[in-house]
Every structure is written in C-alpha cells, then in structure tokens.
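Chemist: In the numbering used here, the protein residues as written are 22 to 344.
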Ligand code: DGY
C-alpha cells in the first residue's frame, strides 16, 4: 500500500526527520523559509497530511482548496491559534498538537525571563558588550528581588502549573491564579496557589504576572492599556504564551512612562517583526520565541507529531486531537 504523503513545513531535528521518512512519503521544505499562503494552499491540495508549525497561517482562504485536500494538520507545537478551527471543521480536517513534552522547558524559559527582567540581566549584558561597564558600584543596575514575591499566573494549564512549581518551591513565591474554569482544590493545594475570580482582581495584587493562556481572537489584547494600568507601578509582565495576548502599543507606553516596572516577551504579535516602539524600551527583555527551544523538547515534539500522524493513518484516534 502506498505510504501517506506528508508535507513538513520546516526543518525538524534530524532524528525526527529520519523517523518520519521511515514511516511516510515525506517532502520537507528544506529551504526552511517561512511559507506563504500559496505554498500552504499547494501543500493542503497535494498532500495527505501536513506537519506545520506556528509560523504557518491556516486561514479560511488557505484551507479552501477544493474537494481533494489533506486530511490532517499535525501541528508541531502546543498552541494552534494559527489554524482557523472553524474552517478545518468545515472541511473535515483533523488537527493535532504536541502538549506536555514542552511544558517543563517553556516554564524554565518563563523563569529565565522573570529573573532577567527583575535583575536587569539584559541591560547588564548589553552594557558589557558595548564596552560601557566602568566597574562595580553599590548603585549600579540595581534590580528587584524575585524570591518571596507574589506571582500571578493567567491560565493554569500544564505550563502555568510548571511555572507555579518552580516559583513556589525554588523561589518561595506566593502564587495567585486566574483561570477561566475553576481549578480543583487538590491542584491549587499542590502548588500552594489561590484562585482569583477575575484578571482585574488579580493584577493589582502581583509583583509578577506571567501569561500562560491560549492565543487567538478570543484572547487578543487580553492585556490592554486598561489592564496594564491595574498592575502595580513596580510589577513585571512576562509573556511566553502568544504575542496577540498583549496590546504591544499599550505595553510600549506603559514601559516608556514607567507605569509598570518592566516586561519580558518571548512572543510577539507579528513575529518575527518587532514593534519598533518596543525596541526603545530598556526595561524590556525580548527573546525570539525560544520557549520550547531545547534539544530535548524539540525532539519530543517531533516524535509526538509523528505518533499523531501514525495513529491517524492507521485509523486510530490520535491522542492529541484538538479538532
Ligand atoms: C508552542 O508549542 O506553542 C510553541 O510556542 C511553538 O509553536
């Protein structure tokens, strides 16, 4: 029987590409450049399955390619707000993601950002590289203590919980949580966390706010100018979720006028483009979407996508089916 034809939109870790090729008839975008709408339409039209990433936008137009089309989008990544879920449902396309395997590494990166912005690590690094360090002095690049402070977590899924674990056990932080649905008392107890009924109630209570909710239209600009104003003047905002969750123009204003202490972003609204206003903010740390970027996580994500494809084409329900 002919092996299913799979289009892979980006280079993947070598071990994952090798295993994929053993099981499927694989075509890889070896240029590794970001694909446009026409490239993706072509992939949906010609292949039995597509293995995309966060950089591939599957809009209604991309997915509407006529009667014959791919039957599965096995997304490499946990977030899938780049895929129009109403359209895939209309076309009968299955979507899977890769949860769990990146939670620990993404939580590690959220902690990295929290520490970097509070302890002014980005500023210090820039200073040394610019040859501008004049030596130790008591008033030099004085930051904010992290240990023992209050951390607000918005979205208490797997990654939010992994952050709570680190912050609570490693840094003795008090954990407040906002989550759309009630979190079980057992889970809250595990992390010594308290659930707060609304984002507006949570923000004024926190020294740090870390975002771990999904992106997409529903959460676009969840953190807008009004909510930034609810944060303490010395508080820090951390975003490892999705760029669209934060109104970047409002954030730039808050940073420039120092109505909050600082921010650290791993994700951006129109990445890889960066809002120029953000570049001018010294109290902002920026990383290029590195949340899951460890060898371990990136391989595990690939194998998880491979398992989802294998199950799907064997007629089984993939374990990570999200649509
Ligand atoms: C994820 O898994 O959602 C990462 O942000 C990459 O897409």
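The beta-carbon is built from N, C-alpha and C at its ideal position, and this holds for glycine as well.
Quick caveat: nothing in here was measured; it's all calculated off a predicted structure.
(1) Apart from the five residues on each side of it in sequence, which residues of its chain come closer than 6 Å, Cβ to Cβ, to residue 78?
(2) Got a sec? Which residues, its chain only, sit under 7 Å from residue 213 by beta carbon, not counting five neighbours each side?
(3) In terms of alpha-carbon separation, which member of 72, 101, 130 lies closest to residue 92?
(4) Evaluate the contact criterion for the segment 204 to 224 versus the segment 166 to 183: three or more CB pairs, one atom per stretch, below 8 Å.
(5) At 4 residues or longer, and completely inside the segment 179 to 208: list those alpha helix (DSSP H) runs for me, N to C.
(6) Distance check for residue 232 and residue 29, CA to CA, integer angstroms please.
(7) Can you tell me where the alpha helix (DSSP H) with residue 124 in it begins and where it stops?
(8) Alpha carbon to alpha carbon, how far is residue 313 from residue 324?
(9) Whole-angstrom Cβ separation of residue 51 and residue 329, contact assumed at under 8 Å?
(10) Do residue 134 and residue 267 come within 8 Å of each other at the CB atom, strictly closer than that value?
(11) If you measure from the CB of residue 123, is any heavy atom of the ligand NAD nearer than 7 Å?
(12) Among residues of its own chain, excluding the 5 on either side of residue 258, which ones have a beta-carbon nearer than 6 Å to its beta-carbon?
(13) State the Cα-Cα distance for the pair residue 169 and residue 187, rounded to the nearest angstrom.
(14) Short of 8 Å in beta carbon distance, which residues of its chain neighbour residue 80, apart from the five on each side in sequence? Order them along the chain.
(15) Just to confirm before moving on: does the CB-CB distance between residue 150 and residue 164 stay below 8 Å?
(16) Going by C-alpha to C-alpha distance, which of 127, 327, 275, 167 sits closest to residue 260?
(17) With DSSP run on the structure shown, which of helix, strand or coil describes residue 231?
(18) Which stretch, first to last residue, makes up the alpha helix (DSSP H) that contains residue 298?
(19) I believe residue 265 touches residue 290 by the beta-carbon criterion, under 8 Å. Please report the beta-carbon distance rounded to the nearest angstrom.
(20) With a CB to CB cut of under 7 Å and the five nearest residues on each side skipped, what residues in its chain are close to residue 137?
(21) Per DSSP, which residues does residue 172 bridge with? Please list them.
(22) In chain order, what residues of the same chain have a beta carbon less than 6 Å from the beta carbon of residue 5, not counting five sequence neighbours either side?
(23) Which residue from 121, 65, 162, 252 puts its Cα closest to that of residue 340?
(24) If I measure Cβ to Cβ from residue 219 and keep anything under 8 Å in the same chain, skipping five residues before and after, which residues do I get?
Modeler: Answer, in terms of the structure:
(1) Start at 1 with the first residue of the chain shown, and residue 78 comes out as number 57. Only residues of its own chain outside the window of five on either side were considered, and among them 103 have a CB closer than 6 Å to the CB of residue 78, listed in chain order.
(2) Position 192 of the chain shown, counted from the first residue, corresponds to residue 213. Closer than 7 Å at the Cβ level, and outside the excluded window around residue 213, lie 189, 196.
(3) Taking the chain shown and counting its residues from 1, one reaches residue 92 at position 71. The shortest C-alpha separation from residue 92 is found at 72.
(4) By the criterion of at least three beta-carbon pairs nearer than 8 Å, the segment 204 to 224 is in contact with the segment 166 to 183.
(5) Runs of the alpha helix (DSSP H) lying entirely within the segment 179 to 208, each at least 4 residues long, are 179 to 192 in chain order.
(6) What you label residue 29 is simply residue 8 of the chain shown in a count that begins at 1. What you label residue 232 is simply residue 211 of the chain shown in a count that begins at 1. In a straight line, the C-alpha of residue 29 is about 29 Å away from that of residue 232.
(7) Residue numbering aside, residue 124 sits at position 103 when the chain shown is read from its first letter. Where residue 124 is concerned, the enclosing alpha helix (DSSP H) stretches over 124 to 139.
(8) Looking up residue 313 in the chain shown gives position 292. Looking up residue 324 in the chain shown gives position 303. Their backbone Cα atoms lie some 14 Å apart in a straight line.
(9) Along the chain shown, read from residue 1 onward, the residue named residue 51 stands at position 30. Along the chain shown, read from residue 1 onward, the residue named residue 329 stands at position 308. So it is not a contact: roughly 23 Å between Cβ atoms.
(10) Taking the first residue of the chain shown as 1, we reach residue 267 at position 246. Taking the first residue of the chain shown as 1, we reach residue 134 at position 113. No.
(11) In terms of ligand content, the structure shown lacks the ligand NAD and carries the ligand DGY instead.
(12) Position 237 of the chain shown, counted from the start, is the residue given in the question as residue 258. Excluding positions up to five away in sequence, the list reads 230, 284.
(13) Position 148 of the chain shown holds residue 169. Position 166 of the chain shown holds residue 187. Each residue's CA atom was taken as its position, placing residue 169 and residue 187 some 12 Å apart.
(14) Walking along the chain shown from the start, residue 80 turns up at place 59. Non-local beta-carbon contacts of residue 80 in its own chain, meaning distances under 8 Å to residues more than five positions away in sequence, involve 58, 105, 108 in chain order.
(15) On the chain shown, residue 150 is found 129 positions in, with the first residue counted as 1. On the chain shown, residue 164 is found 143 positions in, with the first residue counted as 1. Not a contact, by the Cβ cut-off of 8 Å.
(16) As a first step, residue 260 is located in the chain shown; it is residue number 239 there, counting from the start. For residue 260, the nearest C-alpha among the options comes from 127.
(17) Translated into the one-based positions of the chain shown, residue 231 becomes position 210. When DSSP states are grouped into helix, strand and coil, residue 231 belongs to the strand group.
(18) Residue numbering aside, residue 298 sits at position 277 when the chain shown is read from its first letter. From DSSP, the alpha helix (DSSP H) with residue 298 extends over 297 to 300.
(19) Taking the first residue of the chain shown as position 1, residue 265 is located at position 244. Taking the first residue of the chain shown as position 1, residue 290 is located at position 269. With a Cβ gap of about 5 Å, residue 265 and residue 290 count as contacting.
(20) Numbered from 1 along the chain shown, position 116 holds the residue referred to as residue 137. The beta carbon of residue 137 is closer than 7 Å to those of 143, 285, 306 in its chain, skipping five residues each way along the sequence.
(21) Position 151 of the chain shown holds residue 172. Looking at the DSSP output, residue 172 shares a beta bridge with 196, 229.
(22) Residue 5 falls outside the range modelled here, since the chain spans only 22 to 344, and no answer is possible.
(23) Walking along the chain shown from the start, residue 340 turns up at place 319. With respect to the C-alpha of residue 340, the residue from 121, 65, 162, 252 having the closest C-alpha is 121.
(24) As a first step, residue 219 must be located in the chain shown, where it is residue number 198. The residues are 199.
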